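Its first residue numbered 1, the sequence shown is counted upward by one per residue in this note's numbering.
Just so you know, even glycine gets a beta-carbon here, dropped at the ideal spot from N, CA and C.
Quick caveat: nothing in here was measured; it's all calculated off a predicted structure.
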Amino acid sequence: MLSSYVSQRLLIVIAIALGAAGSVLGEETRDEFISLHPENARYFQWRGKPTVLVTSGEHYGAVLNLDFDYVRYLDELQRQGLNHTRVFTGVYREDADAFQITDNTLAPATNRFICPWDCSNVPGYHGGGNRFDLTQWDDDYFLRLKDFLRQAAQRGIVVELTLFCPMYKDSMWDDSPMKSTNNVNEVGDCGREEVYALKHESITEVQLAVTRKVIQELRDFGNLYYEVCNEPYFGGVTSEWQHRIVDEIVSTERTFPHKHLISLNVANGRQRIESPHPDVSIFNFHYCVPPDVVALNSHVNKVIGENETGFRGSADVLYRTEGWDFLMAGGALYNNLDYSFSVQRPDGTLVDYKSPGGGSVELRKQLGILKRFFDEMDFVRMKPDHSHVHVLTPNLTSSVLATIGKTYVVYLHAPLPNKPKKLEEHLRENIEVTLQLDFPAGDYRVVWLNPVTGRLDAVEEISHLGGKRTLVSPRFANDIALRVTQR
Numbered sequence: 001m002l003s004s005y006v007s008q009r010l011l012i013v014i015a016i017a018l019g020a021a022g023s024v025l026g027e028e029t030r031d032e033f034i035s036l037h038p039e040n041a042r043y044f045q046w047r048g049k050p051t052v053l054v055t056s057g058e059h060y061g062a063v064l065n066l067d068f069d070y071v072r073y074l075d076e077l078q079r080q081g082l083n084h085t086r087v088f089t090g091v092y093r094e095d096a097d098a099f100q101i102t103d104n105t106l107a108p109a110t111n112r113f114i115c116p117w118d119c120s121n122v123p124g125y126h127g128g129g130n131r132f133d134l135t136q137w138d139d140d141y142f143l144r145l146k147d148f149l150r151q152a153a154q155r156g157i158v159v160e161l162t163l164f165c166p167m168y169k170d171s172m173w174d175d176s177p178m179k180s181t182n183n184v185n186e187v188g189d190c191g192r193e194e195v196y197a198l199k200h201e202s203i204t205e206v207q208l209a210v211t212r213k214v215i216q217e218l219r220d221f222g223n224l225y226y227e228v229c230n231e232p233y234f235g236g237v238t239s240e241w242q243h244r245i246v247d248e249i250v251s252t253e254r255t256f257p258h259k260h261l262i263s264l265n266v267a268n269g270r271q272r273i274e275s276p277h278p279d280v281s282i283f284n285f286h287y288c289v290p291p292d293v294v295a296l297n298s299h300v301n302k303v304i305g306e307n308e309t310g311f312r313g314s315a316d317v318l319y320r321t322e323g324w325d326f327l328m329a330g331g332a333l334y335n336n337l338d339y340s341f342s343v344q345r346p347d348g349t350l351v352d353y354k355s356p357g358g359g360s361v362e363l364r365k366q367l368g369i370l371k372r373f374f375d376e377m378d379f380v381r382m383k384p385d386h387s388h389v390h391v392l393t394p395n396l397t398s399s400v401l402a403t404i405g406k407t408y409v410v411y412l413h414a415p416l417p418n419k420p421k422k423l424e425e426h427l428r429e430n431i432e433v434t435l436q437l438d439f440p441a442g443d444y445r446v447v448w449l450n451p452v453t454g455r456l457d458a459v460e461e462i463s464h465l466g467g468k469r470t471l472v473s474p475r476f477a478n479d480i481a482l483r484v485t486q487r
């Protein structure tokens with residue numbers, strides 16, 4: 001076990017040493033930081049192109065779990081054309097029983113947990129091994145974190161690094177290095193709901209210090225943005241504490257030549273954003289079915305993302321349609337929580353999991369089709385606008401993105417409840433849809449896309465006199481996408 005770890009560390013050191021002088025980044029990504037699009041701040045720009053982030057990613061333990069082969073994981077995301085992942089820093093971890101997740105990557109085996117803080121020589125850590133010293137940094141951890149980011153950058157993958165997470169249960173707090181029984185610094189002698197509330201100066205100082213350290217170490221990575229805290233609406237996390245962390249990120253980066261975007265996780269489902277912090281650029285939500293949270297927060301004029309979903313069942317159709325619906329509503333980021341990734345199956349081929357959600361090779365292929373579909377259109381200049389569709393039979397769930405006179409995209413699918421008890425009762429085969437689309441005169445190309453296979457099931461060149469035009473789809477099962485583009 002030890003020799004394997006030493007070998008892994010040596011390989012990481014060599015890989016970084018082979019990078020460009022003075023940088024852990026390759027030539028392609030130097031000085032190219034993901035940012036808000038200069039013409040439309042509801043979307044991203046990365047490597048000179050308008051960008052939406054789409055993925056179906058593992059349960060956030062890729063770095064903190066020493067047994068997880070993140071290279072094979074990132075290879076799978078790249079193979080399916082996905083460009084995003086979410087990862088936790090290691091300040092928070094879980095045990096094997098948490099949330100009934102099969103082979104949870106956030107629950108490393110004994111002595112296989114790594115985090116920003118170094119271990120002391122004092123035994124007694126609840127998760128096994130020695131207690132942590134919250135004044136000392138683990139160099140091996142930062143080597144692993146940087147290599148993860150470097151590997152992701154080489155594969156065209158943007159990383160959301162989530163700095164903190166609430167302690168949902170006492171068992172999470174029992175395993176936290178910040179709890180007083182797990183460190184030698186006498187920090188964290190409090191209940192789990194007081195950890196992120198500015199109530200204890202000593203623990204707040206530890207949190208600010210680890211934030212500064214992470215920000216300083218990762219200053220050169222352009223394929224990165226920071227999320228302050230996962231699901232802060234649980235576990236006593238206060239807005240004042242979150243804003244204090246945002247201020248620390250901004251202060252630490254003040255002299256950096258390039259700044260990173262900052263995200264706040266706002267709510268499960270929907271909530272109107274009020275008085276947003278001016279330095280926050282991404283507002284993430286979880287479990288957005290339907291995706292009305294995007295329109296609800298159009299006044300913010302920043303990125304609205306859905307950076308976690310699940311708990312609806314395991315069927316691919318649930319998360320495929322959810323991803324399409326969210327991006328078609330004007331969202332810029334979609335991440336399905338994919339339980340087919342595990343330590344034993346870092347390539348995402350675990351099939352017989354019992355976790356509370358979905359994920360599969362097939363779903364990732366389908367989300368890759370969604371990502372490529374958006375890459376092929378000028379979404380920065382498009383707006384959600386259902387007024388262009390006047391007749392739709394049969395009655396399906398529909399969404400429309402349009403640039404008037406240039407491009408119209410319509411996504412249609414069988415109506416699905418958030419958590420269907422009998423999914424098969426809602427699925428539909430052999431659908432033929434008729435719709436009336438209202439658009440100006442001109443020559444257009446009409447394309448019907450199969451979101452499961454990526455095939456163009458029908459393509460037609462038309463000359464339109466203006467006004468309403470009846471369009472009839474090829475037959476399909478469950479969902480289909482229409483794109484009408486001026487020639």
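Distance from the Cα of valine 317 is smallest, within the candidate group Gly331, Val237, Ala414 and Val187, for Ala414. Within the same chain, Asn130, Arg131, Asp133 and Val184 come within 6 Å of serine 120 by CB-CB distance, once the 5 residues on both sides are set aside. The three-state reading of DSSP puts glutamine 154 in helix, counting H, G and I together. For a cut-off of 8 Å, the C-beta gap from valine 52 to tyrosine 60 is around 21 Å, too long to register as a contact. Taking a contact to require three or more Cβ pairs closer than 8 Å, the region 134 to 141 and the region 153 to 168 do not qualify as touching. The beta carbon of aspartate 174 sits closer than 6 Å to the beta carbons of His126 from its chain, once the five residues preceding and following it are set aside; these are given in chain order.
In the displayed model, threonine 434 falls within a strand according to three-state DSSP. In its chain, beyond the 5 residues on either side, Asp347 and Gly348 have a beta carbon closer than 6 Å to the beta carbon of glutamate 76. Going by beta carbons, aspartate 438 and valine 472 fall outside the 9 Å limit. In the structure shown, valine 159 adopts extended strand secondary structure according to DSSP, grouped into three states.
A Cβ-Cβ separation of about 6 Å places valine 446 in contact with isoleucine 462 under the 8 Å criterion. When DSSP states are grouped into helix, strand and coil, arginine 112 belongs to the coil group. Two segments are said to touch when three or more pairs of C-beta atoms, one from each, lie closer than 8 Å; by this definition the region 195 to 215 does not touch the region 31 to 41. Residue range 361 to 375 is occupied by the alpha helix (DSSP H) that includes glutamine 366, with no beta strand (DSSP E) assigned at that position. Here the alpha carbons of leucine 66 and leucine 145 stand approximately 11 Å from one another. Residue range 479 to 486 is occupied by the beta strand (DSSP E) that includes aspartate 479. The residue from Pro394, Leu327 and Asp385 with its alpha-carbon nearest to that of aspartate 375 is Leu327. Segment contact: the region 400 to 410 against the region 91 to 105, fewer than three CB-CB distances shorter than 8 Å; contact not assigned. For secondary structure counted as the beta strand (DSSP E) over 3 or more consecutive residues, the region 62 to 138 holds these complete runs in sequence order: 84 to 88, 117 to 123 and 130 to 137. The beta-carbon separation of glutamate 362 and asparagine 335, rounded to 17 Å, does not stay under the 8 Å limit for a contact.
Per the Cβ contact rule, the region 287 to 295 is not in contact with the region 352 to 366 (fewer than 3 Cβ pairs under 8 Å).
Taking a C-beta distance under 9 Å as the contact criterion, isoleucine 480 and glycine 81 do not qualify as a contact pair.
A Cβ-Cβ contact shorter than 9 Å links cysteine 229 with proline 166. Shown here, leucine 392 sits in a strand according to DSSP, grouped into three states.
Distances from the alpha-carbon of tryptophan 448 to those of Leu427, Leu465 and Phe476 put Phe476 closest. In this structure, the straight-line span from the alpha carbon of asparagine 301 to that of lysine 422 is close to 38 Å. In this structure, the beta-carbon distance from serine 176 to valine 195 falls below 9 Å. Counting along the chain, no beta strand (DSSP E) covers lysine 179, and no H or E run does either. As the crow flies, the alpha-carbon of methionine 377 is around 9 Å from that of threonine 485. Annotation: the continuous alpha helix (DSSP H) that includes threonine 321 extends over 316 to 328.
Histidine 260 is positioned such that its CB atom lies no closer than 9 Å to that of phenylalanine 113.
With contacts defined by Cβ atoms closer than 9 Å, glutamate 58 and phenylalanine 341 form a contacting pair. In the structure shown, the three-state DSSP call for leucine 423 is helix. DSSP, read as helix, strand or coil, puts alanine 41 in coil. In this structure, leucine 482 lies away from leucine 416, with their beta-carbon atoms at least 9 Å apart. Under a 10 Å Cβ-count criterion, isoleucine 404 is classified as exposed, with fewer than 16 other Cβ atoms of the shown protein chains found around its own Cβ.
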